[in-house]
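Undergrad:
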Amino acid sequence: MQVTETELWKIVEEIGAALDGTPMTREELIAVVGKGKSARVRELLKSGWGGMLKPAARNGQLCFGPNRGQSVTFVSPQKWLPTWREVDPEEAIVEMARRYLRSYGPATKSDFARWWGAWPGVANAAWSGLAKELVPVSVEGVRGEILAGDLDSLENARMGDSVQLLPLFDPYLMGYATRGHLFDAVYAPRVSRTAGWISAVVLAGGRVVATWTHAVRDTTLHISIEPFQKLAPNVMPEVRHCAAALARAMGIGRTAISRRARSS
Numbered sequence: 017m018q019v020t021e022t023e024l025w026k027i028v029e030e031i032g033a034a035l036d037g038t039p040m041t042r043e044e045l046i047a048v049v050g051k052g053k054s055a056r057v058r059e060l061l062k063s064g065w066g067g068m069l070k071p072a073a074r075n076g077q078l079c080f081g082p083n084r085g086q087s088v089t090f091v092s093p094q095k096w097l098p099t100w101r102e103v104d105p106e107e108a109i110v111e112m113a114r115r116y117l118r119s120y121g122p123a124t125k126s127d128f129a130r131w132w133g134a135w136p137g138v139a140n141a142a143w144s145g146l147a148k149e150l151v152p153v154s155v156e157g158v159r160g161e162i163l164a165g166d167l168d169s170l171e172n173a174r175m176g177d178s179v180q181l182l183p184l185f186d187p188y189l190m191g192y193a194t195r196g197h198l199f200d201a202v203y204a205p206r207v208s209r210t211a212g213w214i215s216a217v218v219l220a221g222g223r224v225v226a227t228w229t230h231a232v233r234d235t236t237l238h239i240s241i242e243p244f245q246k247l248a249p250n251v252m253p254e255v256r257h258c259a260a261a262l263a264r265a266m267g268i269g270r271t272a273i274s275r276r277a278r279s280s
């Protein structure tokens, strides 16, 4: 389901005009922008993938506002952010790459291109703009680059064996073109599932060792772990600790942890 380029930019302008400073939910925004539009356009506006909202955001017409209960809202950056300023696109992509490396480095320009959804030429331009700030490094045989300003802190960082429960679509799993440093390729289908679904995972020492799901029944948070291989002795006790913290955050009194084998 597509729109023409003319239709797209007309809708983007209408989205910007509709956001007059008051936060609007997706439904409220659709009610205004979709009025008088074809069923095809209204369906695109409703899409959970944000097909019509992403171009508006990229064009500076829309950004997230404060949540309203369980619903996200959208606002106009120009009207909501007092320090909003237009940035030259070439300057913006270099700054985005800089912030990306600050969060995800060591990484490559291919990683950045995948994360940002950019063509290789855009990533090349970003890396060229950062050339004087980049330092090539190798971590356990994996080559990448970091910002020179981060070199000392990363060289002195200590890798622990902490265990974490990462939620669905956690950014840690979505920042790289290749993720061999996070999990072996054989487990990729269990992390990146059909329809773009990214599993909730158990992280141990920086690597994915299992996926997990949860359900709330009565007053108990039930968490089910599906290990990739035999877990190290410290993993399950730490999972229980993480589960208890999650239950407290959810206002739930009890937890129950189980392990299940991979179904065929």
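Oh and the sequence shown: position 217 is 233 in the working numbering, straight run, nothing missing.
Where is the CB? At the ideal position from N, CA and C, for every residue including glycine.
Given the structure is predicted, the values throughout are model-derived calculations rather than measurements.
Starting from the N-terminal side, write out each stretch of the alpha helix (DSSP H) that is 4 residues or longer and does not extend beyond the stretch 69-93.
TA: 69-74, all fully within the stretch 69-93.
Undergrad: With a threshold of 6 Å on Cβ separation, who are the neighbours of A303 within its own chain once the five nearest residues in sequence on each side are excluded?
TA: In the structure as shown, the chain begins at 17 and stops at 280. Residue 303 is therefore absent and cannot be evaluated.
Undergrad: Taking 6 Å as the cut-off, is the C-beta of T235 nearer than that to any heavy atom in the ligand ADP?
TA: In the structure shown, the ligand ADP is absent, as is every other ligand, since no ligand is present at all.
Undergrad: So does the stretch 120-130 actually touch the stretch 92-111, counting three or more Cβ pairs closer than 8 Å?
TA: no
Undergrad: Identify the residues that DSSP records as bridge partners of A123: which are they?
TA: Answer by DSSP bridge pairing, in chain order: E161.
Undergrad: Within 10 angstroms of the Cβ of W135, are there 16 or more other Cβ atoms? Answer buried if so, exposed if not.
TA: exposed
Undergrad: DSSP three-state label for S280, please.
TA: Per-residue confidence for S280 stands at a pLDDT of 48, beneath the threshold of 50, marking its modelled position as unreliable; no derived number is given.
Undergrad: Let me see if you follow: with CB-CB separation under 7 Å, is A108 close to chain D or not?
TA: You won't find chain D in this structure, because it holds only one protein chain.
Undergrad: Between the Cα of V91 and the Cα atoms of E107, E106, L69, which residue gives the shortest distance?
TA: L69
Undergrad: Would W131 and G191 qualify as a contact pair, given that the criterion is a beta-carbon distance under 7 Å?
TA: yes
Undergrad: Measure the alpha-carbon distance for E156 versus G196 and round it to whole angstroms.
TA: 11 Å
Undergrad: Let me confirm a value: L189 is counted as buried when at least 16 other C-beta atoms fall within 10 Å, else exposed. Which label applies?
TA: buried
Undergrad: Assign A173 to buried or exposed, taking buried as 16 or more other Cβ atoms, counted over all protein chains shown, within 10 Å of its Cβ.
TA: exposed
Undergrad: If R270 and T236 are in contact, beta carbons under 8 Å, what's the gap, nearest whole angstrom?
TA: The pair is a contact, with the Cβ atoms about 4 Å apart (cut-off 8 Å).
Undergrad: What does the Cβ neighbour count give for W143, buried or exposed, with the cut at 16 atoms within 10 Å?
TA: buried
Undergrad: What does a CB cutoff of less than 8 Å around L35 pick up in its chain, not counting 5 residues either side in sequence?
TA: L45, Q77, L78, F90, V91, S92, K95
Undergrad: Can you tell me which of A147, I162, V224, G50 puts its alpha carbon nearest to the alpha carbon of P183?
TA: V224
Undergrad: Would you list the one or two residues that DSSP bridges to S274?
TA: S240
Undergrad: Under a Cβ-count criterion, where at least 16 other Cβ atoms within 10 Å of its own Cβ denotes burial, should K125 be classed as buried or exposed?
TA: buried
Undergrad: What are the boundary residues of the alpha helix (DSSP H) that W257 is part of?
TA: Reading off the sequence shown, one finds His at residue 257, where the question assumed Trp. From DSSP, the alpha helix (DSSP H) with H257 extends over 251-266.
Undergrad: For M252, tell me which candidate among F244, I268, I273, A263 has the shortest Cα-Cα distance.
TA: Residue I273 is the option with its Cα nearest to M252.
Undergrad: Would you mind giving the Cβ-Cβ distance between V232 and I268, rounded to the nearest angstrom? I have them listed as a contact below 8 Å.
TA: Yes, they are in contact, since the Cβ atoms of V232 and I268 sit about 6 Å apart, within 8 Å.
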